[in-house]
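Counting in the working numbering, the sequence shown tops out at residue 681, every number present.
Using N, Cα and C, we set each Cβ at its ideal position, and we do this for glycine too.
Values in this document were obtained by computation on a predicted structure and should not be read as measured data.
Here is the structure we will look at.
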Amino acid sequence: MISLRNLGALLLTACLALTACSEAPKPAFLSTDVTGAPIGGPFTLTDHHGKQRRLEEFKGKVVVMFFGYTHCPDVCPTTMSELKAAMTQLGDKAKQVQVLFVTVDPERDTQALLSQYVPAFHPDFLGLRGTPAEIRAVTDRFRIVFQRNGTDATNYTVDHSAGSYILDREGKLRLFVSYGAGAKVFSHDIGLLL
């Protein structure tokens with residue numbers, strides 16, 4: 488049986504198989520190059536300060552998008568810690584990077600909760616939320632799979648795709664970083680895009 492985490496990776500692999508090959512030399516990325524894959528697109532969500540944010544606002548910066556939730560026991564804090572360490576490794580270049588944590592649990596992940604959770608990893612990271620329909624639209628565009636487990640209204644887990652996406656300064660999707668790749672993979676590949 489395929490888990491939801493593995494299903495997301497399988498969907499990404501299928502999308503890559505459909506992407507045309509380029510003859511131009513490619514940078515030596517450590518993560519998966521998904522340039523040209525039919526994934527992603529514009530969206531508007533609300534950040535943890537209560538401000539509406541559009542993906543286009545971040546052009547000029549390398550953007551890292553991670554989909555998760557604040558009650559996540561393992562994948563989310565691990566990935567956010569790796570991203571924090573990557574910002575440290577990038578030094579002054581980190582000012583040219585925007586990390587976006589998009590919740591897949593908008594029912595529990597209120598603006599107040601996101602405003603405590605996300606900056607705890609790094610003050611420049613932004614937590615994004617929306618209505619369940621808005622979140623579903625964004626996750627569908629980015630081929631993120633998630634499913635709530637449990638019937639209790641407040642005590643449940645959410646299985647979700649565990650990788651991160653990296654967009655270049657033009658806002659084009661370029662890379663998929665698998666869960667557990669480590670801070671060095673993030674800092675290396677972000678450095679190449681910068």
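Scanning its chain for C-beta atoms nearer than 7 Å, with the 5 sequence neighbours on each side dropped, one finds around Thr-626 the residues Phe-554, Val-591 and Phe-633, in chain order. The three-state secondary structure of Phe-516, taken from DSSP, is coil. Inclusion of Gly-614 and His-535 in the CB contact set at 9 Å is warranted, their separation being smaller than that value. Here the C-alpha atom of Gln-598 lies approximately 32 Å from the C-alpha atom of Thr-519. Beta-bridge analysis with DSSP links Asp-646 to Gln-634. Per the DSSP secondary-structure output, Ile-526 pairs with nothing in a beta bridge. Beta-carbon to beta-carbon, Lys-546 and Gly-658 are separated by about 5 Å, close enough to satisfy the 8 Å threshold. In the DSSP assignment, Arg-623 falls within the alpha helix (DSSP H) that extends over 619-628. Secondary-structure assignment with DSSP links Ser-665 through no beta bridge to anything.
Taking C-beta atoms under 8 Å as the contact rule, Gln-576 and Ala-670 qualify, at a distance of about 6 Å.
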